[in-house]
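**Student:** At position 90 of the sequence shown the residue is numbered 166 (my numbering), and the sequence of numbers has no breaks.
Idealized CB from N, CA, C, for every residue including glycine.
Once you've had a glance at the structure underneath, I'll fire off some questions.
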Amino acid sequence: MQSLNPQFDLLGRLITATDMRQRVISNNLANVNTPNFRRLDVDFETQLAQELSGNSHTTATPSVVETKGLTSRADGNNVDVDREIGQLNKNAMLQQAYIQLLGSHLEQMRLAIGGS
Numbered sequence: 077m078q079s080l081n082p083q084f085d086l087l088g089r090l091i092t093a094t095d096m097r098q099r100v101i102s103n104n105l106a107n108v109n110t111p112n113f114r115r116l117d118v119d120f121e122t123q124l125a126q127e128l129s130g131n132s133h134t135t136a137t138p139s140v141v142e143t144k145g146l147t148s149r150a151d152g153n154n155v156d157v158d159r160e161i162g163q164l165n166k167n168a169m170l171q172q173a174y175i176q177l178l179g180s181h182l183e184q185m186r187l188a189i190g191g192s
């Protein structure tokens, strides 16, 4: 079902992606000492850019992917705690911004409907 306001739809999908990324990063941190664990990430922004530029006929949806090209430790694990904490903080700030934008849009709609 398509939203009456495409901004609500976009913000909802951005919030969903940041929520999924939060869980994936937490999982990476929980497995920092698990031998042969491979770091995971959420792919969404690339798909969204293609959708918004008109180069894709599908709606971007977040998906979990393995991060390629990272150096592994001797135990085969490639999770870097410092990187994960940085990504966690960045993701939390993005999610907070998206939620505030959504709240602002909802407040504007409320004012428009209520007339004051």
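Would you please state the rounded distance, in angstroms, between the beta carbons of V100 and N153? I believe it to be under 8 Å.
**Tutor:** That belief does not hold up - the Cβ atoms of V100 and N153 are roughly 16 Å apart, past 8 Å.
**Student:** Are there 16 or more other CB atoms within 10 angstroms of the CB of T135, so buried, or fewer, so exposed?
**Tutor:** Flag for T135 reads exposed.
**Student:** Going by Cα to Cα distance, which pick from D158, T137, A188 is closest to G88?
**Tutor:** Closest by alpha carbon: T137.
**Student:** Please report the distance separating the alpha-carbon of L105 from that of A188.
**Tutor:** Distance between the alpha carbons of L105 and A188: 44 Å.
**Student:** Rounding to the nearest angstrom, what Cα-Cα distance links Y174 and V118 in this structure?
**Tutor:** So the alpha carbons of these two residues sit roughly 17 Å apart.
**Student:** What residues match up with L116 in a beta bridge as DSSP calls it?
**Tutor:** The partner list for L116 (beta bridge, DSSP) reads E142.
**Student:** Does the beta-carbon distance from F120 to H181 come in below 8 Å?
**Tutor:** Taking 8 Å as the Cβ cut-off, F120 and H181 do not qualify as a contacting pair.
**Student:** For the putative contact between A171 and T122, defined by C-beta atoms under 8 Å, what is the C-beta separation to the nearest angstrom?
**Tutor:** Looking at the sequence provided, one finds Gln at residue 171 rather than Ala. Actually they do not touch by this definition, with Cβ atoms about 19 Å apart.
**Student:** Between R186 and L86, what straight-line distance do the alpha-carbon atoms span, to the nearest angstrom?
**Tutor:** R186 and L86: Cα-Cα distance of roughly 19 Å.
**Student:** Between the alpha carbons of S129 and L90, how many angstroms are there, rounded?
**Tutor:** Cα to Cα, S129 sits roughly 17 Å from L90.
**Student:** Restricting to Cα atoms, I'd like to know which of Q98, T143, H133 is closest to R115.
**Tutor:** Ranking the options by Cα distance to R115, first place goes to T143.
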